[in-house]
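K.L.:
Before I ask anything, here is the structure I am working with.
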Amino acid sequence: MPGKSCVKCGKKAVVSLAYGPHSFCKQHFLGFFEKRVRRTIRENRLVEGREKVVVAYSGGKDSAVTLYLLNRIFGKSNPIEALLVDEGIPKYRDKALAIAERNCRKWNVTFKRVFFEKEFGFSMVDVMRKTGPKKLLGSTCAYCGVLRRQLFNSYAKKMKAGKLATGHNLDDEAQSALMNVFDADTARFFRLGPKSAASKGMVARIKPLYLCPEKEVIAFAKMQGIEFFEQQCCPFKWQAKRNDFRQMVSEFEAKFPGTMFSIVRFLKEAKELAGDKTKGKKLGVCQKCGEATSQKVCKACKMVERIVGKG
Ligand code: SF4
Ligand SMILES: [Zn+2]
Ligand SMILES: [Zn+2]
780 MPGKSCVKCG
790 KKAVVSLAYG
800 PHSFCKQHFL
810 GFFEKRVRRT
820 IRENRLVEGR
830 EKVVVAYSGG
840 KDSAVTLYLL
850 NRIFGKSNPI
860 EALLVDEGIP
870 KYRDKALAIA
880 ERNCRKWNVT
890 FKRVFFEKEF
900 GFSMVDVMRK
910 TGPKKLLGST
920 CAYCGVLRRQ
930 LFNSYAKKMK
940 AGKLATGHNL
950 DDEAQSALMN
960 VFDADTARFF
970 RLGPKSAASK
980 GMVARIKPLY
990 LCPEKEVIAF
1000 AKMQGIEFFE
1010 QQCCPFKWQA
1020 KRNDFRQMVS
1030 EFEAKFPGTM
1040 FSIVRFLKEA
1050 KELAGDKTKG
1060 KKLGVCQKCG
1070 EATSQKVCKA
1080 CKMVERIVGK
1090 G
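With the working numbering applied, the sequence shown closes on residue 1090, and no number is skipped along the way.
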């Protein structure tokens, strides 16, 4: 940060944010970051009363910072716990979750680790073998995402969570908003935002970092000395579409600082304008597993059937 000084104290800056524009020393950047998360939580009522918050903790930077801050802000007033889902991806999730477990112990956070293998009878290695390089049965990531979400929801319920917190950051939110625009998927577009409405069988999900750019999440984690798993992609990743949106959004952000905030602000205003129309249809329960779904059998159960059924 050559020559820049902190806008708060005048000391040498270590972080410079082009969209402000403003620069901060380490101490004031950490304060700025935490304040924004506190404001997001307060303004959107992400945590209410003394409810339990369960954090979907993958071992990566976003969920690590989410858990660290929720525990720091609410640790004395609310039960804060972590839920670790192990899809069985060797040299990736096992390493990430080893770090996650270490942090939970260090921060005195109760955690639960659940396994695809035990829950569904197969791991992501088996899914990969079946879906194969030709994208048979759909993409590997689609399976992983749906099955993981199902476990997060069902275990959050078992753990009696009032909210399930995820590590989604501003980059994720802006990319998702644009992807839904490009897909003309209004229902999904309106489901975005810092808090999903709780519905029958679904624990409300919250995103305390949804206004935090990814680069700042990394800077916060490093400056705060939070250990996290740095490898971004698992060996099975081939869902290229989000990568294209990631590249597009970051190119725009570099050229026009503040673009990501504008996209998310647009989403918020569009939701307010649309009002009740953004509320999705009522969910029923899956005949097989009892989880919430709009169909007779939920997507996760159909996927399990497809994997188990294909020799
Ligand atoms: S990249 Fe795809 S397969 Fe790998 S962990 Fe993520 S969703 Fe699962
Ligand atoms: Zn300062
Ligand atoms: Zn089901």
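The beta-carbon is built from N, C-alpha and C at its ideal position, and this holds for glycine as well. Please read these numbers as outputs of a predicted model, since none were measured by experiment.
1. Ends of the alpha helix (DSSP H) at PHE811?
2. Measuring straight from C-alpha to C-alpha, what distance separates LYS1034 and LEU943?
3. Can you tell me which of LYS1050, MET1039 and PHE890 puts its alpha carbon nearest to the alpha carbon of VAL833?
4. State buried or exposed for VAL794, treating a residue as buried only when at least 16 other CB atoms are found within 10 Å of its CB.
5. In chain order, which continuous runs of the alpha helix (DSSP H) of length 4 or greater are located wholly inside the stretch 1012-1057?
6. Which partner residues of LYS974 appear in the DSSP bridge assignment?
7. Between SER1029, CYS1013 and GLU1032, which has its C-alpha nearest LYS874's C-alpha?
8. Using beta-carbon positions only, say whether GLY980 and VAL844 come within less than 8 Å of one another.
9. With DSSP as the reference, please indicate the residues paired to THR945 in a beta bridge.
10. If we ignore side chains and look at the alpha-carbon of each, how far apart do CYS1068 and GLU896 end up?
11. Quick one: does the C-beta of CYS804 sit closer than 7 Å to a heavy atom of ligand 1?
12. At a cut-off of 7 Å, would you count VAL1076 as near ligand 3, judging by its Cβ distance to the nearest heavy atom?
13. Would you say the beta carbon of GLU866 is closer than 7 Å to some non-hydrogen atom of ligand 1?
14. Measure from the alpha carbon of ASP758 to the alpha carbon of each residue in ALA921, VAL1087 and PHE931, then state which is nearest.
15. Looking only at its own chain, which residues have a Cβ that is under 7 Å from the Cβ of LYS1016, when we skip the five neighbours before and after it?
P.N.:
If we stick to the structure as given:
1. Here residue 811 corresponds to residue number 32 of the sequence shown, with the count starting at 1. It spans 805-822 - the alpha helix (DSSP H) in which PHE811 sits, taken as one unbroken run.
2. The sequence position of residue 1034 within the sequence shown is 255, counting from 1. The sequence position of residue 943 within the sequence shown is 164, counting from 1. Distance between the alpha carbons of LYS1034 and LEU943 is about 35 Å.
3. Walking along the sequence shown from the start, residue 833 turns up at place 54. Of LYS1050, MET1039 and PHE890, the residue nearest in Cα terms is PHE890.
4. Sequence index remark: in the sequence shown, residue 794 carries index 15 (1-based). It is buried - the Cβ of VAL794 has at least 16 other Cβ atoms within 10 Å.
5. 1019-1034 and 1038-1053
6. Position 195 of the sequence shown, counting from 1, holds the residue named residue 974. DSSP, once it has assigned bridges, lists ILE985 as partnering LYS974.
7. Position 95 of the sequence shown holds residue 874. When each option's Cα is compared against that of LYS874, the closest is CYS1013.
8. Taking the first residue of the sequence shown as 1, we reach residue 980 at position 201. Taking the first residue of the sequence shown as 1, we reach residue 844 at position 65. Contact: no.
9. Position 166 of the sequence shown, counted from the first residue, corresponds to residue 945. DSSP, once it has assigned bridges, lists no residue as partnering THR945.
10. Here residue 1068 is taken as the residue at index 289 of the sequence shown, counted from 1. Here residue 896 is taken as the residue at index 117 of the sequence shown, counted from 1. Going by the C-alpha atoms only, they are around 17 Å apart.
11. For this step, residue 804 is matched to residue 25 along the sequence shown. CYS804: no, Cβ never under 7 Å from ligand 1.
12. As a working note, residue 1076 is residue 297 in the sequence shown. Yes, the beta carbon of VAL1076 sits closer than 7 Å to at least one heavy atom of ligand 3.
13. If you number the sequence shown from 1, residue 866 lands on position 87. The answer is yes for GLU866.
14. This structure gives no information on residue 758, because the portion of the chain shown stretches from 780 to 1090.
15. The sequence position of residue 1016 within the sequence shown is 237, counting from 1. For LYS1016, where only same-chain residues beyond five positions count, the Cβ hits under 7 Å are CYS920.
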